[in-house]
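Its first residue numbered 5, the sequence shown is counted upward by one per residue in the working numbering.
Where a beta carbon is used, it is the ideal one built from N, C-alpha and C, also for glycine.
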Amino acid sequence: MAMDCSLPNAMDTNWKRRFRQRLLNWYARHKRDLPWRRSKNPYRVWLSEVMLQQTQVETVKPYFKRFIKAFPTVKKLAAANEQEVLRLWEGLGYYRRARQLHAAAQQVVAEFGGRFPEDVAALQSLPGIGRYTAGAIASIAFDRRAPILEANTIRLFARLLAYRDDPMKAAGQRLLWHAAEQVLPRKGIAPFNQALMELGSLVCVPANPRCEECPVAALCQTNELGLQDAIPKSGRKVKFTDVSEAAVVVRKNGSVLLRQCAEGERWAGLWDFPRFAIESEGSLFVRGELIAKVQQQTGVVIQPGGLLKTIKHGVTRYRITLDCYEATFASGRVSSTKAEPVCWVPTPKLADLPLSTTGRKIAKLV
Ligand code: SF4
Numbered sequence: 005m006a007m008d009c010s011l012p013n014a015m016d017t018n019w020k021r022r023f024r025q026r027l028l029n030w031y032a033r034h035k036r037d038l039p040w041r042r043s044k045n046p047y048r049v050w051l052s053e054v055m056l057q058q059t060q061v062e063t064v065k066p067y068f069k070r071f072i073k074a075f076p077t078v079k080k081l082a083a084a085n086e087q088e089v090l091r092l093w094e095g096l097g098y099y100r101r102a103r104q105l106h107a108a109a110q111q112v113v114a115e116f117g118g119r120f121p122e123d124v125a126a127l128q129s130l131p132g133i134g135r136y137t138a139g140a141i142a143s144i145a146f147d148r149r150a151p152i153l154e155a156n157t158i159r160l161f162a163r164l165l166a167y168r169d170d171p172m173k174a175a176g177q178r179l180l181w182h183a184a185e186q187v188l189p190r191k192g193i194a195p196f197n198q199a200l201m202e203l204g205s206l207v208c209v210p211a212n213p214r215c216e217e218c219p220v221a222a223l224c225q226t227n228e229l230g231l232q233d234a235i236p237k238s239g240r241k242v243k244f245t246d247v248s249e250a251a252v253v254v255r256k257n258g259s260v261l262l263r264q265c266a267e268g269e270r271w272a273g274l275w276d277f278p279r280f281a282i283e284s285e286g287s288l289f290v291r292g293e294l295i296a297k298v299q300q301q302t303g304v305v306i307q308p309g310g311l312l313k314t315i316k317h318g319v320t321r322y323r324i325t326l327d328c329y330e331a332t333f334a335s336g337r338v339s340s341t342k343a344e345p346v347c348w349v350p351t352p353k354l355a356d357l358p359l360s361t362t363g364r365k366i367a368k369l370v
């Protein structure tokens with residue numbers, strides 16, 4: 005396929021040879037002993053790559069160990085209940101990843117007999133597996149000659165090439181994927197790709213890269229030009245929106261009222277206390293809105309009580325102020341559907357259900 009981008013002349017055969025040699029020597033001395041690196045099992049590689057998307061290594065470690073203990077094989081994961089999967093994922097965020105992981109495991113079993121396909125195109129046919137994750141599994145687990153490009157290597161390649169435009173735009177992505185492919189050695193792809201990510205993660209860090217310790221500093225155009233602060237160019241700044249929400253802990257005979265978040269909602273598949281945006285001001289009006297909205301969401305009429313706690317948290321571009329209220333059951337029956345289940349849950353059972361991030365905080369209070 006013809007490329008509509010070209011690499012700078014500096015990245016010639018001699019440059020690539022020196023780059024590979026220095027990078028691999030450095031990796032042999034500095035690679036971290038991470039739980040998912042102890043085996044080339046594609047299931048473990050895949051699981052770790054999905055968990056590491058948008059999440060720090062140290063946060064992922066205990067989750068990875070718990071997950072592997074509960075679901076040691078892709079078949080065990082495929083056979084699990086989605087609620088168990090979400091409960092183990094709880095706290096890692098981006099819950100869509102967990103649901104896609106579960107769906108992909110079922111597809112691996114149904115379509116590939118429980119064995120991961122080895123090539124990038126077949127891997128990309130699985131839910132939640134994009135070009136990067138497919139490249140990581142194919143190269144790390146099967147030593148296929150597949151390039152990878154993720155946050156760490158985008159930054160690394162952008163700096164090596166002194167790419168001054170936004171690397172997340174289409175032209176930048178084309179150039180950097182091309183660079184990631186061109187730089188691959190003929191064999192030993194698994195350690196090479198892992199070394200690239202490790203260098204980006206430990207040395208070519210976002211702020212104040214450690215150029216004085218960098219094994220490829222002499223091959224880096226950004227270092228030569230002294231443009232470390234300007235490259236990579238960051239995209240548009242996120243504009244935050246302030247939102248006021250209310251959550252209500254409705255009690256009845258030692259149980260609390262919960263609803264499962266529906267498809268398309270922020271925490272789809274997880275359980276939460278009745279929760280909604282609040283538009284009124286003044287305690288009397290808020291009280292009326294709590295009664296109306298809880299009834300609308302659950303079918304239950306409540307007697308509102310006091311404010312339990314205010315929780316401030318952020319989700320994507322929203323800065324949310326969540327007022328958590330107490331309430332008691334007054335009348336009515338839960339209106340539960342298959343798509344939006346609602347039920348009374350005895351408080352000791354809250355520990356077993358996958359809850360939204362703030363749902364878990366409220367559960368600890370009750
Ligand atoms: S020399 Fe500095 S900017 Fe260049 S790759 Fe190394 S750490 Fe990154």
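| said: I need the straight-line Cα distance from D246 to G268, nearest angstrom please. | reply: What you label residue 246 is simply residue 242 of the sequence shown in a count that begins at 1. What you label residue 268 is simply residue 264 of the sequence shown in a count that begins at 1. One C-alpha to the other measures close to 21 Å.
| message | With DSSP as the reference, identify every bridge partner of K313, one or two as the case may be. | response | Here residue 313 is taken as the residue at index 309 of the sequence shown, counted from 1. Answer by DSSP bridge pairing, in chain order: C328.
| said: Relative to the C-alpha of A162, which candidate in M15, V349 and I133 has its C-alpha closest? | reply: Mapped onto the sequence shown, residue 162 falls at position 158. For the residues M15, V349 and I133, the minimum Cα distance to A162 belongs to M15.
| Skipping 5 residues on each side, what residues in its chain have a beta carbon closer than 8 Å to that of E293? | Translated into the one-based positions of the sequence shown, residue 293 becomes position 289. Taken in chain order, the residues that qualify are A250, I282, E283 and S284.
| F375 - DSSP class collapsed to helix/strand/coil | As displayed, the chain neither begins before 5 nor continues past 370, which places residue 375 out of reach and without an answer.
| C-beta contact flag for L90 and L274 at 7 Å | The sequence position of residue 90 within the sequence shown is 86, counting from 1. The sequence position of residue 274 within the sequence shown is 270, counting from 1. For L90 and L274, yes; Cβs fall inside 7 Å.
| message | Considering only the alpha carbon of each residue, which of I141, L164, S205 and P219 lies closest to A184? | response | For the purposes of this step, residue 184 is identified with residue 180 of the sequence shown, where counting begins at 1. Of the listed residues, the one whose Cα sits closest to A184 is L164.
| task | Determine the closest residue to R262 out of L92, K353 and K237, with distance taken between C-alpha atoms. | result | Within the sequence shown, numbered from 1, the residue matching residue 262 stands at position 258. The amino acid at residue 262 is misidentified as Arg; the sequence shows Leu. Cα-wise, what sits closest to L262 is K353.
| task | Could you spell out the range, first to last residue, of the alpha helix (DSSP H) harbouring E293? | result | Position 289 of the sequence shown, counted from the first residue, corresponds to residue 293. Note, E293: alpha helix (DSSP H), S287 to T302.
| request: Tell me whether E62 is buried or exposed, calling it buried when 16 or more other Cβ atoms sit within 10 Å of its Cβ. | output: For the purposes of this step, residue 62 is identified with residue 58 of the sequence shown, where counting begins at 1. Result: exposed.
| field | Test item: CB-CB of A199 and Y31 under 7 Å | value | Sequence index remark: in the sequence shown, residue 199 carries index 195 (1-based). Sequence index remark: in the sequence shown, residue 31 carries index 27 (1-based). Contact flag set, yes.
| said: Just to confirm my understanding: we take L27, look at its own chain, exclude 5 residues before and 5 after, and list those with CB closer than 8 Å. What are they? | reply: Residue 27 sits at position 23 when you count from the first residue of the sequence shown. Cβ neighbours of L27 beyond the five flanking positions: F196, A199, L200, L203, P219 and V220.
| Which first and last residues belong to the beta strand (DSSP E) in which L96 is found? | Against the sequence shown, residue 96 aligns to sequence position 92. No beta strand (DSSP E) holds L96; DSSP gives it neither H nor E.
| request: With a 10 Å radius around its C-beta and 16 neighbouring C-beta atoms as the bar for buried, classify K241 as buried or exposed. | output: One-based indexing of the sequence shown puts residue 241 at position 237. Its Cβ having fewer than 16 others within 10 Å, K241 is exposed.
| query | What residue does the alpha helix (DSSP H) around A140 start on, and which one ends it? | reply | On the sequence shown, position 136 is the one that residue 140 refers to. From DSSP, the alpha helix (DSSP H) with A140 extends over R135 to A140.
| said: For Q232 and N212, I'd like the C-alpha separation in whole angstroms. | reply: Residue 232 sits at position 228 when you count from the first residue of the sequence shown. Residue 212 sits at position 208 when you count from the first residue of the sequence shown. Answer to the nearest angstrom: the Cα atoms are 7 Å apart.
| query | So, is L369 buried or exposed, given that buried needs 16 or more other C-beta atoms within 10 angstroms? | reply | Position 365 of the sequence shown, counted from the first residue, corresponds to residue 369. By the 10 Å Cβ count, L369 comes out exposed.
| said: If you reduce the DSSP assignment to three classes, tell me which class M5 lands in. | reply: For this step, residue 5 is matched to residue 1 along the sequence shown. Because the pLDDT of M5 is 39, which lies under 50, any placement of that residue in the model is unreliable, and the question is left without a value.
| message | Between which residues of its own chain and L127 is the CB-CB distance below 8 Å, once the five residues before and five after are set aside? | response | Walking along the sequence shown from the start, residue 127 turns up at place 123. Closer than 8 Å at the Cβ level, and outside the excluded window around L127, lie F120, P121, I133, T137, A138, I141 and A142.
| Going by the CB atoms, is the gap between G336 and G309 shorter than 7 Å? | For the purposes of this step, residue 309 is taken as residue 305 along the sequence shown, with counting starting at 1. For the purposes of this step, residue 336 is taken as residue 332 along the sequence shown, with counting starting at 1. Cβ atoms of G309 and G336: not closer than 7 Å.
| request: Would you mind sorting E53 into buried or exposed? The rule is 16 or more other CB atoms within 10 Å of its CB. | output: Residue mapping note: residue 53 aligns to position 49 of the sequence shown, counting from 1. Burial call: buried.
| task | Determine the closest residue to I235 out of R214, R279, Y167 and L38, with distance taken between C-alpha atoms. | result | What you label residue 235 is simply residue 231 of the sequence shown in a count that begins at 1. Residue Y167 is the option with its Cα nearest to I235.
| query | Which class does F277 belong to by DSSP, given the choice of helix, strand or coil? | reply | Within the sequence shown, the letter at position 273 stands for residue 277. F277 falls in the coil class under three-state DSSP.
| query | If P39 sits next to K69, beta carbons under 8 Å apart, how far is it from one beta carbon to the other, in whole angstroms? | reply | Within the sequence shown, numbered from 1, the residue matching residue 39 stands at position 35. Within the sequence shown, numbered from 1, the residue matching residue 69 stands at position 65. So it is a contact: roughly 6 Å between Cβ atoms.
| When the Cα atoms are used, what is the spatial distance from K316 to Y322? | Within the sequence shown, numbered from 1, the residue matching residue 316 stands at position 312. Within the sequence shown, numbered from 1, the residue matching residue 322 stands at position 318. For K316 and Y322, the distance between alpha carbons rounds to 11 Å.
| query | Would you report the Cα separation of I295 and E330, rounded to the nearest angstrom? | reply | In the sequence shown, counting from the first residue as 1, residue 295 sits at position 291. In the sequence shown, counting from the first residue as 1, residue 330 sits at position 326. Spanning the two alpha carbons is a distance of roughly 12 Å.
| said: So for T351, helix, strand or coil by DSSP? | reply: Taking the first residue of the sequence shown as position 1, residue 351 is located at position 347. Note: T351 maps to helix in three-state DSSP.
| task | Give a yes or no on whether the C-beta atoms belonging to A74 and A109 are separated by under 7 Å. | result | Numbered from 1 along the sequence shown, position 70 holds the residue referred to as residue 74. Numbered from 1 along the sequence shown, position 105 holds the residue referred to as residue 109. Not closer than 7 Å, so no.
| Does the beta carbon of V187 fall short of 6 Å from some heavy atom of the ligand SF4? | The residue you call residue 187 lines up with position 183 of the sequence shown. V187: no, Cβ never under 6 Å from the ligand SF4.
| In this structure, does DSSP put E122 in helix, strand or coil? | Taking the sequence shown and counting its residues from 1, one reaches residue 122 at position 118. Reduced to three states, the DSSP call for E122 is coil.
| said: Please list the terminal residues of the continuous alpha helix (DSSP H) segment that includes A251. | reply: For the purposes of this step, residue 251 is identified with residue 247 of the sequence shown, where counting begins at 1. No alpha helix (DSSP H) contains A251, which is instead part of the beta strand (DSSP E) from T245 to K256.
| Helix, strand or coil for A234 per DSSP? | For the purposes of this step, residue 234 is taken as residue 230 along the sequence shown, with counting starting at 1. Coil.
| said: Assuming K79 and A194 are in contact, meaning their beta carbons sit under 8 Å apart, how far apart are those beta carbons, in whole angstroms? | reply: Position 75 of the sequence shown, counted from the first residue, corresponds to residue 79. Position 190 of the sequence shown, counted from the first residue, corresponds to residue 194. Contact doesn't hold; Cβ gap of about 24 Å is too wide.
| query | Any heavy atom of the ligand SF4 closer than 6 Å to the CB of P236? | reply | The residue labelled residue 236 in the question sits at position 232 within the sequence shown. The answer is no for P236.
| For M172 and T351, the rounded distance between their alpha carbons | Working through the sequence shown from its first residue, we reach residue 351 at position 347. Working through the sequence shown from its first residue, we reach residue 172 at position 168. Rounded to the nearest angstrom, the two C-alpha atoms are 46 Å apart.
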